[in-house]
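Numbering-wise (our numbering), the sequence shown opens with residue 1428 and increments by one. These notes concern the structure reproduced below.
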Amino acid sequence: LRGLRAVADFEYEFQLANMNRAMDPEFESVFLTPSAELSYISSSLVREIAGLGGDVSGFVPANVAEALQSKLG
């Protein structure tokens, strides 16, 4: 199960799915797309914002924001 936010994600995920299928022909990849209002959020950006001391509460559930704050200080 993989998420696709943009066209750029598709190329990488398509290659990964084909490689997985080459290793195991019965392997299936399922791709989900987000709603338009969430498509710009990525875990990398959330980690970067949190690492710089920014507020990520508008991008992730409360328990995730708390865990990031605990981990990163």
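Glycine residues also receive a C-beta, built at the ideal position from the N, C-alpha and C atoms. Quick caveat, the model's predicted, so the values are computed rather than measured.
query = Under a three-way DSSP split, which group does L1479 fall into?
reply = Indexing the sequence shown from 1 puts residue 1479 at position 52. DSSP, reduced to helix, strand and coil, places L1479 outside both helices and strands of the structure shown, so it counts as coil.
ask   = What residues are listed by DSSP as bridge partners for L1459?
value = As a working mapping, residue 1459 is identified with position 32 in the sequence shown. Answer is G1430.
request  = Return the chain-ordered list of same chain residues with a C-beta closer than 7 Å to the C-beta of F1458, the five sequence neighbours on each side being excluded.
outcome  = Looking up residue 1458 in the sequence shown gives position 31. So the qualifying residues of the chain are R1429, L1431 and E1440.
task = Report the residue from M1450, A1444, S1497 and E1464 whose alpha carbon sits nearest the alpha carbon of G1480.
result = By one-based count along the sequence shown, residue 1480 stands at place 53. Cα-wise, what sits closest to G1480 is S1497.
task = With DSSP as the reference, label V1491 as helix, strand or coil.
result = Mapped onto the sequence shown, residue 1491 falls at position 64. In this structure, DSSP gives V1491 a helical state, which the three-state scheme calls helix.
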